[in-house]
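First to last, the protein sequences are chains A and B.
Position 193 (the first sequence) corresponds to 192 in numbering that gives the first Met the number 0; numbering is contiguous.
Position 224 (the second sequence) corresponds to 223 in numbering that gives the first Met the number 0; numbering is contiguous.
Number of protein chains: 2
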Amino acid sequence: MLTTAGFSGLFFGATFMLGEELNERSRRILEALIEDHIESAEPVGSRTITRRHQLGVSPATVRNVMADLEEMGYICAPHTSAGRIPTEKGYRFYIDSLLQVRQLSQADQQRIEQHYRLKGMRVEEVLREAGKVLSSISHYTGLVLAPRFTSTVFRHIEFIRLSSGRVLAILVTRSGTVQNRLVELEEDLRQGELEQMTNYLNRTLTGLTIQEVRARILQEMAEEKALYSSLLTQALQLSRQLFQDEAAGEVFIEGAANIFEQPEFADLERMKRLFRAFEQKSRLVALLDKSQQAEGVQIFIGAESEYSEIEGCSLVTASYSNRLGTIGTLGVIGPTRMPYSLVIPIVDYTARLVSKLLETDNR
Amino acid sequence: MLTTAGFSGLFFGATFMLGEELNERSRRILEALIEDHIESAEPVGSRTITRRHQLGVSPATVRNVMADLEEMGYICAPHTSAGRIPTEKGYRFYIDSLLQVRQLSQADQQRIEQHYRLKGMRVEEVLREAGKVLSSISHYTGLVLAPRFTSTVFRHIEFIRLSSGRVLAILVTRSGTVQNRLVELEEDLRQGELEQMTNYLNRTLTGLTIQEVRARILQEMAEEKALYSSLLTQALQLSRQLFQDEAAGEVFIEGAANIFEQPEFADLERMKRLFRAFEQKSRLVALLDKSQQAEGVQIFIGAESEYSEIEGCSLVTASYSNRLGTIGTLGVIGPTRMPYSLVIPIVDYTARLVSKLLETDNR
DNA sequence: TGTTAGCACTCAGGCAAAGGGAGTGCTAAC
DNA sequence: GTTAGCACTCCCTTTGCCTGAGTGCTAACA
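Laid out in structure tokens, this is it:
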């Protein structure tokens, strides 16, 4: 269920080997420290650890181990007389080697499910709702990357003449998402002519993916047969225009206010930076796109995302799919100090649920 | 160009009368104080005023006048040994009686215009762009309330059978906005049957406003003639469902990060509150709706909006229209300490421009 | 040899006191 | 009616002190 294969190789080969150096006691202390820190958001000291965990050793021993862990880069001290906090490397080791991901309880599963109606939900509604549920259950911010237009299956096109020379094109995909574009034509076309064009296009293109549609249009244009009718030639030219531009990936951000309640965002500058990151969605899209290529739950910790605006944040994502394969990504963004053992199954379960809900669209 | 008629009666009858009590000198001092405060965001003292404005009086005199202004409620002191800041009543008097609204320069007009393409912009694109332009030119946050579905003119309907019993309905308005809804039917309909239905509905309903459409459907259902065909009866029942639910008013918020750069939002709590207000759009919609009923530029100062989350903020709005009349509202939200003389013409000009751009949709 | 107790040391954060600065209101003189 | 002068207020910053939590080191112990 949890894989970080896609990225752990990339970022953590070295980490893993160092991980081998850790004996059982060091691991348990690191785990205790990280879990205490996740709960308290404060640096954790040696005494706190011995008090709250039955490790069978004294604070002094813990201090020695912590000194080693610090040297190895798993934890660090914000200042001399403070406890330790995990580094990104520490979190990565924790997630890869120490974390026990629980199964979501039946009750939690139901709590998630009950937000979705079974009938009459459009794709967009399902995705938006998924974002909201993710944010409200996790108490962080929900992110959902909608399916790319390019990867959807063409179902239907419709031209509507709005006024002289202005035509509205409506594109429907098989899953029922709708896109519309406005075209200004040199010469006016009557609605009847437009209908002829749509009939032709629907006949020719239905059932193809948008990528295939593009190829098919070019092919049709190349073949002479289209030339017999200037109207059809026009239709092809027009539709080439319509299908060529890729709409920027759309991302739904839900519950952004949640994340700002976290103590790490008491700092105004950080809050603003993250806020700007949310506003400028393109980089988020790129990041989510990246995780779409991998199976299972992906975790980006802080700078691993190569996205400095979300410094101090982690991203837990999973991709969702329909019968055609993976079509989008959803997940949660929150502070790196995040209870991964809770968030991971929530994201995982939501992705599965969304996949199930969208699957039926392709009967 | 600037009217506050719709609201000044409501809120400022009393203010205006008190305004009469103010002699020329008091007015000039109040004006100077407000303008200094708008620039500095700090309480303004008597010496600062005499230093920066040629009033021909000493600080002591200014102090006396300020004491009077305070008693009348136009200004207040945050604490004993600070300068004064304008109250909401002060701002209101300033806007109603002292403010000189400049015309937008040719250069500024062009700066705004160049953000819009002249051709092929859909309504939604025009509105989003307007929000962005408003925010980037004013350095505050742009708000645009999209036209209500109810007030638009029906142009076209289309049913697309997605799978057994699942039908996608696409509604197009005359201005080219598209809405789509998913319907689950008890019994399966063939695409051919759906086409019959759309033909009938398009013939019957095109050109009516949505409100009229609703009435017409009920009327058709009441008349026996529809009963002759069970298919048409079904069509009417289906479309009644489609048209009855009012989509919540849609509002575009652009450049929310801008407003958080203002010094008044250095306070974390306030920032969060405003942020939550942005996230929960329904009340913003209500507020913008309110101003839609009035002509010209409207200004809501702080609590006048009866919307405590945006305490300390002002809203400068103007409604835009097409040939059918007023259809929506746009504006800027920023701190009450806002250079109104700049913002007002920006909002005014944008509203006119948007109206002009949308007008062509109704040829 | 690994573990632990003890101890000196460090440093952030809270609190109170002190000082400076900006501004006020009042009074008396112009 | 206006102004200069002055005592007063209060915020804000700086300073110093103290406390508590935590560390690293060392020496003793098992």
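For glycine and all other residues, C-beta sits at the position ideal for the given N, C-alpha and C.
Counted as a single uninterrupted DSSP element, the alpha helix (DSSP H) harbouring Gly89 of chain A occupies residues Glu87 to Phe92. Here Gln178 of chain A carries a strand assignment [DSSP, helix/strand/coil]. Listed in chain order, the non-local C-beta contacts of Ser45 of chain B below 7 Å within the same chain comprise Pro58, Val61, Arg62 and Met65, local neighbours out to five positions each way being set aside.
The C-beta of Leu231 of chain B has 16 or more other C-beta atoms within 10 Å across all chains shown, which makes the residue buried. A direct Cα-to-Cα measurement between Glu253 of chain A and Phe251 of chain B gives close to 15 Å.
Interface criterion met: the Cβ of Phe274 of chain A is under 8 Å from a Cβ in chain B. Taking 4 residues as the shortest admissible run, the stretch 49 to 112 of chain B contains the following complete alpha helix (DSSP H) segments, listed from N- to C-terminal end: 58 to 71, 87 to 92 and 105 to 112. For His36 of chain A, the enclosing alpha helix (DSSP H) begins and ends at Glu23 to Ser39. Under DSSP, the beta-bridge partners assigned to Gln297 of chain B are B:Thr316.
The DSSP-derived three-state label of Ala168 of chain B is strand. When secondary structure is reduced to three states using DSSP, Gly119 of chain A falls in the coil class, being assigned neither helix nor strand. Contact between the stretch 80 to 93 of chain B and the stretch 21 to 34 of chain B is present, with at least three C-beta pairs closer than 8 Å.
In the three-state scheme derived from DSSP, where H, G and I count as helix and E and B as strand, Pro334 of chain B is classed as strand. Bounds of the alpha helix (DSSP H) holding Gly191 of chain A are Gln190 to Leu204.
C-alpha of Glu310 of chain A to C-alpha of Ser162 of chain A: approximately 50 Å in a straight line. An exposed status is given to Gly206 of chain A, since fewer than 16 other beta-carbon atoms sit within 10 Å of its beta-carbon. Chain-ordered, the chain A residues with CB closer than 9 Å to the CB of Gly119 of chain B read Arg165, Arg180, Leu181, Val182 and Glu183. Runs of the beta strand (DSSP E) spanning 3 or more residues and lying entirely within the stretch 227 to 264 of chain A occur at 250 to 253, in chain order. Annotation: Ser290 of chain A to Gln297 of chain A spans about 7 Å, alpha carbon to alpha carbon. Against chain B, the beta carbon of Gly333 of chain A has no neighbour under 9 Å; the closest one sits roughly 16 Å away. Within chain B, no residue has its beta carbon less than 7 Å from that of Leu207 of chain A; the closest one is some 16 Å off. In the structure shown, the three-state DSSP call for Thr47 of chain B is helix.
Contacts between Ala81 of chain B and chain A, judged by CB atoms closer than 9 Å, are missing: the closest CB pair is about 23 Å apart. Across the set B:Arg24, B:Met71 and B:Pro85, the C-alpha of B:Pro85 shows the shortest separation from the C-alpha of Ala40 of chain B. At a C-beta separation below 7 Å, Arg110 of chain B has no neighbours in chain A, since its nearest C-beta there lies roughly 22 Å away. Under the three-state reduction of DSSP output, Arg147 of chain A falls in the coil class, being neither helix nor strand. In the structure shown, Glu157 of chain B adopts extended strand secondary structure according to DSSP, grouped into three states. Between Leu329 of chain B and Tyr115 of chain B, the gap from beta carbon to beta carbon reaches 8 Å or more.
What Lys271 of chain A touches in chain B, judged by beta-carbon distance under 8 Å, is Ala256, Phe259 and Glu260, going in chain order. Taking 8 Å as the threshold, the shortest C-beta distance from Val177 of chain B to chain A falls below it.
Within its own chain, the residues whose Cβ lies closer than 6 Å to the Cβ of Ser137 of chain B, once the five positions on either side in sequence are excluded, are Val331, Val342 and Ile345, listed in chain order. Within the DSSP bridge table, the entry for Glu183 of chain A names A:Arg165 as partners. Sequence-distant partners of Asn179 of chain A (beyond 5 residues in either direction) whose C-beta falls short of 8 Å from its own C-beta, in its chain, are Leu167, Ala168, Ile169 and Leu170. With a 10 Å radius around the Cβ and a threshold of 16 neighbouring Cβ atoms, Asn198 of chain A comes out exposed.
Take Leu98 of chain A, set aside five residues on each side of it, and the residues of its chain with a beta-carbon closer than 7 Å to its own are Tyr339 and Ser340, in chain order. Rounded to the nearest angstrom, the gap between the Cα atoms of Leu181 of chain A and Gln210 of chain A is 21 Å.
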